[in-house]
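Here the structure is laid out as structure tokens; the discussion comes afterwards.
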Amino acid sequence: MRARRPRRRPWLRRLLLLPVLLAVFSVLQVAALRFLDPPLSMFMAARHADAWRAGDSGFRHAYQWRDLDRIAPALPLAAIAAEDQNFATHHGFDLEAIQKAREHNARGGRLRGASTISQQVAKNLFLWNGRSWVRKGLEAWYTVLVEAIWPKRRILEVYVNVAEFGDGVYGAQAAARAFFGRDAEGLSQTQSARLAAVLPSPRRYSAARPGPYVQRRTAAIERQMRQIGGVAYLERLD
């Protein structure tokens, strides 16, 4: 009599299928957001959770989506100059910047990061804040998807809309209204550079009341904006 093969346990089959389902979900998620504007980000949701845990049930974030053509070109240019000058040419990870950051951090002093705009979109939009290997792995996965599915202009558009420019103030339009009393399309070069200067620590530094550090960084960003070619740099994006 032939021995029966042991049946694969249903729970094991489901467990093996789970990573595939999560991968498919993430691809569909990123593909949809190429065309749909996100109503909020995971970082916004986390900020609400922090407020509720602190007993601030009345907390409300400021967020108003604006298409890239309704934002002053100086702001996305300032973000690139401040955060990711190789944005137009890399594929999500700036290996040269990573190496320079490692060498700088090995010498001590203020720690320097090498996170690209694409990585920051992946982190802010889809993930939670933290330093675990799981989160870093997911950040890398979502960065690959964003770079593969979205054009550069869409990545930049989402970034300047979901970046936090002040405590609970997300995106170009909300920041322009909160700090300068104008719409995002009316931001000046200096105002745009000042908003970029508070990144990535918008709860520590203020664009409305810039201290010495923000003033120095604003001037440096304006110089970098000129050095990378001004708004003509944005024309290189697909």
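Once you know that position 121 of the sequence shown is 121 in UniProt numbering, the rest is easy, because the numbers rise by one and skip nothing. Beta carbons: idealized from backbone N, C-alpha and C, even for Gly.
Problem set entry | Which residues DSSP lists as bridging GLU157, in chain order | Counting from one through the sequence shown, the residue named residue 157 turns up at place 157. None; GLU157 has no bridge partner.
For this session: Would you check if the region 66-75 and the region 133-148 touch, i.e. whether three or more CB-CB distances between them fall below 8 angstroms?
Result: no
Exercise. From the DSSP output, which residues share a beta bridge with GLY222?
Worked result: By one-based count along the sequence shown, residue 222 stands at place 222. Here residue 222 turns out to be Glu, not Gly, going by the sequence shown. According to DSSP, which records beta bridges pairwise, GLU222 is partnered with nothing at all.
Problem set entry | contact_flag[the region 34-49, the region 161-169] where n(CB pairs < 8 angstroms) is 3 or more | yes
Exercise. What residue does the alpha helix (DSSP H) around GLU83 start on, and which one ends it?
Worked result: Translated into positions along the sequence shown, residue 83 becomes position 83. Residues 74-83.
Exercise. So the beta strand (DSSP E) GLY166 belongs to, where does it begin and stop?
Worked result: Residue numbering aside, residue 166 sits at position 166 when the sequence shown is read from its first letter. Here the beta strand (DSSP E) through GLY166 covers 164-166.
Problem set entry | Status (buried if at least 16 other CB within 10 Å, exposed otherwise) for LYS123 | Residue numbering aside, residue 123 sits at position 123 when the sequence shown is read from its first letter. By the neighbour-count rule (16 or more Cβ atoms within 10 Å), LYS123 is buried.
Problem set entry | When SER201, VAL214, ARG204 are compared against ALA193, the one with the closest alpha-carbon | By one-based count along the sequence shown, residue 193 stands at place 193. Nearest of SER201, VAL214, ARG204 to ALA193, Cα basis: VAL214.
Exercise. Going by the CB atoms, is the gap between VAL231 and LEU77 shorter than 7 angstroms?
Worked result: The count along the sequence shown starts at 1 and reaches residue 77 at position 77. The count along the sequence shown starts at 1 and reaches residue 231 at position 231. Closer than 7 angstroms, so yes.
Exercise. With DSSP run on the structure shown, which of helix, strand or coil describes VAL198?
Worked result: Translated into positions along the sequence shown, residue 198 becomes position 198. Reduced to three states, the DSSP call for VAL198 is coil.
Exercise. Which residues in the same chain have their Cβ closer than 6 angstroms to the Cβ of ALA196, if we skip the five residues on either side of it in sequence?
Worked result: Against the sequence shown, residue 196 aligns to sequence position 196. Once the five neighbours on either side are set aside, the close Cβ partners of ALA196 are ALA78, ALA79, ALA82, ILE221.
Exercise. Rounded to a whole number of angstroms, what is the C-alpha to C-alpha distance between ALA219 and SER206?
Worked result: The residue labelled residue 219 in the question sits at position 219 within the sequence shown. The residue labelled residue 206 in the question sits at position 206 within the sequence shown. One C-alpha to the other measures close to 15 angstroms.
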